[in-house]
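So for the sequence shown, the numbering used here puts the first residue at 208; every next one is plus one. Where is the CB? At the ideal position from N, CA and C, for every residue including glycine. First comes the structure, then the notes that go with it.
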Amino acid sequence: TTSNEEVNVHHTVEQELIVTPISAQTFTLLTLLRQQQMTPNYKIIVFFSTARLTECMAQLFHEMQIPVLEMHSRKAQAHRNRVSEHFRRSDGVILFSSDVSARGMDYPNITCVVQVGMANSKAQYIHRIGRTGRAGGPQPGRCFLLLADFERAFVKTIDDLGIKEIQAPIPEDGDAQVGLMIGGLDTLAPTKKKDIDQTYTSWLGFYISSRKILELEADTILEMGKEYITGLFTLDEAPALESRTAEEMGLVRLQPEKKKFFGKRAGDKTRRGVTGTGPKPVLRRDREKGEKKK
């Protein structure tokens, strides 16, 4: 549920929508944050869809020498308390957060709220923008919703809140951090394969669970996920999904006479995975042997 104050916050807060191809979303976020950092005493909170994605993006921005605070459910409560207090007392700071900060935490003088990707509901969207324009600040901040083009159907959920669509921001000439992004993130991205795999699975889980709002089939969302993760980390192919995970997401079509496994399944002697190259199962061990021969 939303409070009366949160329900009415859209009357005082400027809400702006930016829609880009999914491959440009992280670049757009970086450019937007660089511009919002020009605001005196800026205090920015950026919401991501899942804890894993929040953690991943915080790592990437740290690698680009853009310090951000990090808050999500994968952090201990003591850490979250410290970060919350630091963010509350400071200015000139950016907080990357999952929805653990969307409710019950009022921070004074927020200048900007950015939502990267759709919220899971209209109420959640309102909770997020409710972080600004509240707590006695001198003036309401700005709120941006960054959507990939495949998420546009979400706008129907919030079209009565007065959000207006604008063009994606253009980076300033000579911005070193934006230059790094243009050059690619292959040398900046976390090197742990496990981190990339878990981020991908988390991303897919969120969007597939939102497919009714998006008016898309699971297979279409899978293709968007492949494009997102391979572009973000400059991968040749998307990570393979564990078969049980793929089944839970509805990505495996089970035939009565034969099962097709995707990824690693408990008890299997072989590991099969659906990768970014298409729906045909590929034996990982065969692929690895081929790579060694090269």
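Among the options, nearest to residue i - alpha-carbon criterion
{"i": "Leu429", "options": "Gly337, Val459, His269 and Gln222", "result": "Val459"}
{"i": "Thr408", "options": "Glu424, Lys433 and Glu422", "result": "Lys433"}
{"i": "Gln322", "options": "Glu444, Lys401, Val226 and Glu454", "result": "Val226"}
{"i": "Ile301", "options": "Gln242, Ala326 and Asp402", "result": "Gln242"}
{"i": "Ile377", "options": "Arg335, Ala231 and Gln222", "result": "Ala231"}
{"i": "Gly412", "options": "Lys399, Lys400 and Asp426", "result": "Asp426"}
{"i": "Phe440", "options": "Asp402, Glu424, Glu455 and Ile415", "result": "Asp402"}
{"i": "Tyr332", "options": "Phe255, Thr452, Glu454 and Phe294", "result": "Phe255"}
{"i": "Asn327", "options": "Gly438, Tyr414 and Glu455", "result": "Tyr414"}
{"i": "Thr219", "options": "His286, Val362, Ile370 and Arg259", "result": "Ile370"}
{"i": "Arg295", "options": "His269, Arg281, Lys250 and Thr261", "result": "Lys250"}
{"i": "Gln244", "options": "Arg287, Ser280, Gly299 and Leu442", "result": "Gly299"}
{"i": "Ala360", "options": "Arg287, Ile336 and Lys419", "result": "Lys419"}
{"i": "Leu442", "options": "Glu454, Lys399, Val362 and Gly457", "result": "Lys399"}
Supposed close pair residue i, residue j - CB separation, criterion 8 Å
{"i": "Met271", "j": "Phe303", "result": "With 8 Å as the limit, Met271 and Phe303 do not qualify as a contact, their Cβ atoms being about 13 Å apart."}
{"i": "Ser305", "j": "Thr233", "result": "Not really, about 17 Å apart at Cβ, beyond 8 Å."}
{"i": "Ser291", "j": "Met278", "result": "7 Å"}
{"i": "Leu267", "j": "Phe351", "result": "Not really, about 19 Å apart at Cβ, beyond 8 Å."}
{"i": "Thr437", "j": "Arg259", "result": "Incorrect: roughly 17 Å between the Cβ atoms, too far for contact."}
Extent of the continuous alpha helix (DSSP H) to which residue i belongs
{"i": "Ala360", "result": "First-last for Ala360: undefined, no H or E at that position."}
{"i": "Thr339", "result": "Counting along the chain, Thr339 falls outside any alpha helix (DSSP H), and DSSP gives it neither H nor E."}
{"i": "Arg289", "result": "Gln284 to Arg296"}
{"i": "Gln242", "result": "Gln232 to Gln243"}
{"i": "Gln266", "result": "Ala258 to Glu270"}
Nonlocal neighbours in the same chain, by C-beta distance under 8 Å from residue i, ignoring five residues either side
{"i": "Ala283", "result": "none"}
{"i": "Thr246", "result": "Thr318 and Cys319"}
{"i": "Phe357", "result": "Ile229, Leu421, Leu423, Thr427, Ile428 and Met431"}
{"i": "His293", "result": "Leu276 and Val300"}
{"i": "Asn248", "result": "Asp298, Gly299, Asn316 and Thr318"}
Residues near residue i in its chain [Cβ-Cβ closer than 6 Å; skip 5 each side]
{"i": "Leu354", "result": "Val226"}
{"i": "Asp404", "result": "Pro446"}
{"i": "Glu372", "result": "Leu224"}
{"i": "Ala167", "result": "Residue 167 cannot be examined here, being either before or after the span of the chain that is shown, 208 to 501."}
{"i": "Arg287", "result": "Met278"}
{"i": "Thr261", "result": "Phe255, His279, Phe303 and Ser305"}
{"i": "Gly348", "result": "Ile317, Thr318, Cys319 and Thr339"}
Own chain, CB closer than 7 Å to residue i, minus 5 neighbours either side, in chain order
{"i": "Lys329", "result": "Thr364 and Ile365"}
{"i": "Asp367", "result": "none"}
{"i": "Tyr435", "result": "Ile229 and Trp410"}
{"i": "Ser417", "result": "Met325 and Asn327"}
{"i": "Ser280", "result": "Ala258, Ser305 and Val307"}
{"i": "Met456", "result": "Leu411, Gly412, Ile415 and Ala425"}
Start-to-end residues for the beta strand (DSSP E) that takes in residue i
{"i": "Arg349", "result": "Arg349 to Ala355"}
{"i": "Ser304", "result": "Val300 to Ser304"}
{"i": "Glu223", "result": "Glu221 to Thr227"}
{"i": "Met325", "result": "From DSSP, Met325 is part of no beta strand (DSSP E); its letter is neither H nor E."}
{"i": "Phe254", "result": "Lys250 to Phe254"}
{"i": "Leu276", "result": "Leu276 to Met278"}
Exercise. Which whole runs of the alpha helix (DSSP H) in the region 417-455 are 4 residues long or more, in chain order?
Worked result: 418-421, 425-439 and 450-455
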